[in-house]
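Sequential numbering from 1 applies to the sequence shown in our numbering.
Note that beta-carbon positions come from the ideal geometry of N, C-alpha and C, so glycine has one too.
None of the values given here were measured: they were computed from a predicted structure.
Below is one structure, written out as structure tokens; the observations come after it.
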Amino acid sequence: MEQILRNHEINTGENMFSKIIREEQDDYINRMQCPPNTAKNEALLENVLATIVCILTKIPVFIIGESGSSKSLAIRLINSNLRGSDSEDEYFKSLPRVLYIMIHTVFELRPFC
């Protein structure tokens, strides 16, 4: 993204776009009520922000990744925190209540016989 902005002669400074995204990730996760000892790792931060952006812009989202990459945790956090006017956080109160449907699938590769 930074390269695209530079191509259009918009100077963002070194790693400015990455810093903005990271600040947004931190802002959202810090507003959330998280279970004790929740590891706020890169995968969780990315999944939370990407999913919330897709929810707010009404873009369907599929979260795909390896086991242990915080997919389910991200969804649980979003579901428990984005509750519309029942939310704990003032900003989250201004957002619509989230209703989610989760489909958990496992694909197996099998040789053709």
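- Here residue 83 has 92, 97, 98 as same chain residues with Cβ atoms under 8 Å from its own Cβ, once five neighbours each way along the sequence are excluded.
- Membership of residue 9 in any alpha helix (DSSP H) is not indicated, and neither H nor E is assigned to it by DSSP.
- If you look at residue 105, you'll find it isn't in any alpha helix (DSSP H); DSSP assigns it neither H nor E.
- Distance check between residue 103 and each of 85, 88, 72 places 72 closest, using alpha-carbon atoms only.
- Residue 89 and residue 108 have their alpha carbons spaced roughly 41 Å apart.
- Counting only residues of its own chain and dropping the five nearest sequence neighbours on each side, residue 70 has a CB closer than 7 Å to the CB of 41, 43, 44, 47.
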